[in-house]
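This report refers to the structure that appears directly beneath it.
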Amino acid sequence: MFFFFTCGSHTFQSRLKGAEHLTVQCQNCGNFSGHVFKRWQWFTFCFVPVIPLSVKPWHEVGCHICNFYQDIKYRPDVQAQMGGPHQQGAMPMNNYNGGGGGGGGAPPGQVYK
Ligand SMILES: [Zn+2]
C-alpha cells in the first residue's frame, strides 16, 4: 500500500486587525521593522487545510528583515501600543530599559529560515 496523499501544514498569516499601522522594534536585529501578524497553522490534506492545529490564531511580531517572529506575549510594549488588556495595578518586576548588557542571551522567539 502506498500513500499518494500529501499531508502537511499551512500557516495563514495576515496583519492583525487594528494593528496594521503599528511599526515596532525588532528585538533580534534592532530595526524598527516589526509588524504585528496573526498566524494560524492548519493541518493540510492534499494541500487543503482541514484541521486547525491550534484553537485560535496566535499573534506575533514579525520582522521582514531578519525573519524573526516573536510571540506578542513577550512584547508588552507592543500590546500597550495596541491598547491591549488593561492591567490595573500590575507592577512590572523588571523595569530596566536596555543598557547594562552582560548575559541575558537571545530574546524569546524564533527565526524562520
Ligand atoms: Zn529583525
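Note that full-length UniProt numbering numbers the sequence shown so that position 89 is 89, with each residue one more than the last. Backbone N, C-alpha and C define an ideal beta-carbon position, used for all residues, glycine too.
Extent of the continuous beta strand (DSSP E) to which residue i belongs
| i | result |
| --- | --- |
| Val-61 | 58–63 |
Straight-line Cα distance separating residue j from residue i
| i | j | result |
| --- | --- | --- |
| Gln-25 | Arg-15 | 16 Å |
| Arg-39 | Tyr-112 | 13 Å |
| Asp-71 | Phe-5 | 33 Å |
| Phe-68 | Val-61 | 8 Å |
| Ala-80 | Val-36 | 13 Å |
| Gly-100 | Pro-107 | Confidence in Gly-100 is poor, its pLDDT being 49 and thus under 50, which makes the residue's placement too unreliable to answer from. |
| Arg-75 | His-10 | 25 Å |
Closer than 7 Å: residue i CB and nearest ligand 1 heavy atom
| i | result |
| --- | --- |
| Phe-68 | yes |
Nearest-angstrom Cβ-Cβ length linking residue i and residue j, presumed shorter than 8 Å
| i | j | result |
| --- | --- | --- |
| Ile-51 | Cys-29 | Not confirmed; about 35 Å, so no contact. |
| Cys-63 | Ser-33 | 5 Å |
Cβ-based neighbour list, residue i, same chain, cut-off 7 Å, excluding 5 preceding and 5 following
| i | result |
| --- | --- |
| Ser-45 | Sequence inspection shows Phe at residue 45; the Ser mentioned does not correspond to that position. Cβ neighbours of Phe-45 beyond the five flanking positions: Phe-5, Cys-7. |
Run of the alpha helix (DSSP H) containing residue i, from where it starts to where it stops
| i | result |
| --- | --- |
| Gln-27 | Run containing Gln-27: none; DSSP gives neither H nor E here. |
Same chain, Cβ closer than 8 Å to residue i, neighbours up to 5 away in sequence not counted
| i | result |
| --- | --- |
| Pro-57 | Phe-12, Lys-38, Arg-39, Trp-40 |
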